[in-house]
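J.:
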Amino acid sequence: DTGVSQNPRHKITKRGQNVTFRCDPISEHNRLYWYRQTLGQGPEFLTYFQNEAQLEKSRLLSDRFSAERPKGSFSTLEIQRTEQGDSAMYLCASSLAEAANYGYTFGSGTRLTVV
Amino acid sequence: GNSVTQMEGPVTLSEEAFLTINCTYTATGYPSLFWYVQYPGEGLQLLLKATKADDKGSNKGFEATYRKETTSFHLEKGSVQVSDSAVYFCALSGQTGANNLFFGTGTRLTVIP
Numbered sequence: 012d013t014g015v016s017q018n019p020r021h022k023i024t025k026r027g028q029n030v031t032f033r034c035d036p037i038s039e040h041n042r043l044y045w046y047r048q049t050l051g052q053g054p055e056f057l058t059y060f061q062n063e064a065q066l067e068k069s070r071l072l073s074d075r076f077s078a079e080r081p082k083g084s085f086s087t088l089e090i091q092r093t094e095q096g097d098s099a100m101y102l103c104a105s106s107l108a109e110a111a112n113y114g115y116t117f118g119s120g121t122r123l124t125v126v
Numbered sequence: 007g008n009s010v011t012q013m014e015g016p017v018t019l020s021e022e023a024f025l026t027i028n029c030t031y032t033a034t035g036y037p038s039l040f041w042y043v044q045y046p047g048e049g050l051q052l053l054l055k056a057t058k059a060d061d062k063g064s065n066k067g068f069e070a071t072y073r074k075e076t077t078s079f080h081l082e083k084g085s086v087q088v089s090d091s092a093v094y095f096c097a098l099s100g101q102t103g104a105n106n107l108f109f110g111t112g113t114r115l116t117v118i119p
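If you're matching them up, the sequences are chains A and B in order.
Under the working numbering, the first residue of the first sequence carries the number 12, and numbering increases by one thereafter.
Under the working numbering, the first residue of the second sequence carries the number 7, and numbering increases by one thereafter.
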């Protein structure tokens, strides 16, 4: 297993465009999390899935954001009508549900720049 | 609610110096506590953890003790190396089965030869 994989590593987009990121978790992990990290800050929770069910969404996840995990494996995070304030590193992590309290495995992130 | 307050950086040390990065927390119940490290251009890696009071987490020469009485989880290393230069994040999760981690703002450590 190669860990948590995120694509693309970098994305530059014009304001108003839609973008989609992909996360492939560790294969046996049933939980998948999305976080956002802005410059000089710690990661902030956006949402998480257990298998294919999205069980929690942060207030940070406006209606322009949507996340899916259709078959309980990989996940996508889409941002519609991007704004400059969306510029950040988007991190994906995964864990086993029963081991969530022991820490997650993070991917390397997708850095989004909205110009 | 849950929150983590971390020592502000940046921190610059000479190689072989002693490192302390302070972390205090506010939480309901009995959280698990973590230190994550982020090397330049990479994602977060779990450095160490402690799941109950008085537990000591350790890894790669780093240590942190879960102190419930002072709500602290300070990171220490006796002798830092240039390769330890990174950003360190203190984090907590809620009770068993908690759904997300709460992170501090991070402390950038630079170790000079």
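Backbone N, C-alpha and C fix where the C-beta goes; we use that ideal spot for every residue, glycine too.
Taking Cβ-Cβ distances below 8 Å as the criterion, which residues of the segment 110-121 of chain A are in contact with chain B?
T.: Flagged, chain order: A111, N112, Y113, G114, Y115, T116, F117, G118, S119 and G120.
J.: Quick check: the segment 57-76 of chain B against the segment 89-100 of chain A, are there 3 or more CB pairs under 8 Å?
T.: No, they do not touch.
J.: Between the Cα of E63 of chain A and those of A:E79, A:Q52, A:S69 and A:T49, spot the shortest distance and give me the residue it belongs to.
T.: Cα-wise, what sits closest to E63 of chain A is A:E79.
J.: Interface residues of chain A around E48 of chain B at Cβ under 7 Å?
T.: The answer, in chain order, is S119.
J.: Run the CB neighbour count on I27 of chain B, radius 10 Å, all protein chains shown included, and call it buried at 16 or more, exposed below.
T.: With 16 or more Cβ atoms within 10 Å of its Cβ, I27 of chain B is classed as buried.
J.: Taking the beta carbon of S105 of chain A as the centre, do at least 16 other beta carbons fall within 10 Å, making it buried, or is it exposed?
T.: Result: buried.
J.: Closest to G14 of chain A by CA distance: which of A:G120, A:T116, A:T121 and A:V126 is it?
T.: Nearest C-alpha to G14 of chain A: A:T116.
J.: Which of helix, strand or coil does DSSP assign to E109 of chain A?
T.: Reduced to three states, the DSSP call for E109 of chain A is helix.
J.: Does the beta carbon of L107 of chain B come closer than 8 Å to any beta carbon on chain A?
T.: L107 of chain B counts as touching chain A.
J.: Rounded to whole angstroms, what's the CA-CA distance from K55 of chain B to Q52 of chain A? Just pull it up for me.
T.: Computed Cα separation, rounded: 21 Å.
J.: Spell out whether any CB of chain A is found under 8 Å from the CB atom of G110 of chain B.
T.: Output row for G110 of chain B: interface = yes.
J.: Taking C-beta pairs closer than 9 Å, name the residues in chain A that F95 of chain B reaches, listed in chain order.
T.: Simply G53 and P54.
J.: Would you grab the beta carbon distance between V117 of chain B and S91 of chain B for me? Rounded to a whole angstrom, and I think it's under 8 Å.
T.: That pair is a contact at about 5 Å.
J.: Roughly how many whole angstroms lie between the Cα atoms of F40 of chain B and E55 of chain A?
T.: Rounded to whole angstroms, F40 of chain B to E55 of chain A spans 15 Å at the Cα level.
J.: Considering only DSSP beta bridges, list what Q51 of chain B is partnered with.
T.: Partner(s): B:V43.
J.: Just to confirm, are Y94 of chain B and L107 of chain B a CB contact at a threshold of 8 Å?
T.: No, Cβ-Cβ distance for Y94 of chain B and L107 of chain B is not below 8 Å.
J.: Mind listing, in chain order, the continuous beta strand (DSSP E) runs of no fewer than 3 residues lying wholly within the segment 39-93 of chain A?
T.: If we require 3 residues or more, the beta strand (DSSP E) runs fully inside the segment 39-93 of chain A come out as 42-48, 55-61, 64-68, 76-79 and 86-90.
J.: Closest by CA to S38 of chain A, which one among A:Y113, A:Q28 and A:L107?
T.: Among A:Y113, A:Q28 and A:L107, the Cα nearest to that of S38 of chain A is on A:L107.
J.: Might you give, ordered along the chain, the residues of its own chain that have their beta carbon closer than 6 Å to the beta carbon of K83 of chain B, omitting 5 neighbours on each side?
T.: Closer than 6 Å at the Cβ level, and outside the excluded window around K83 of chain B, lie L25, G67 and F68.
J.: Give the interface partners of L52 of chain B over in chain A, defined as CB-CB distance under 7 Å, in chain order.
T.: Result: G114.
J.: Any idea what DSSP makes of Q17 of chain A, helix, strand or coil?
T.: Strand at Q17 of chain A.
J.: Look at the alpha carbon of T87 of chain A and the alpha carbon of C34 of chain A, and state the distance between them as a whole number of angstroms.
T.: Their backbone Cα atoms lie some 6 Å apart in a straight line.
J.: Since F40 of chain B meets chain A, which of its residues come closer than 7 Å, beta carbon to beta carbon?
T.: Chain A residues near F40 of chain B: G114.
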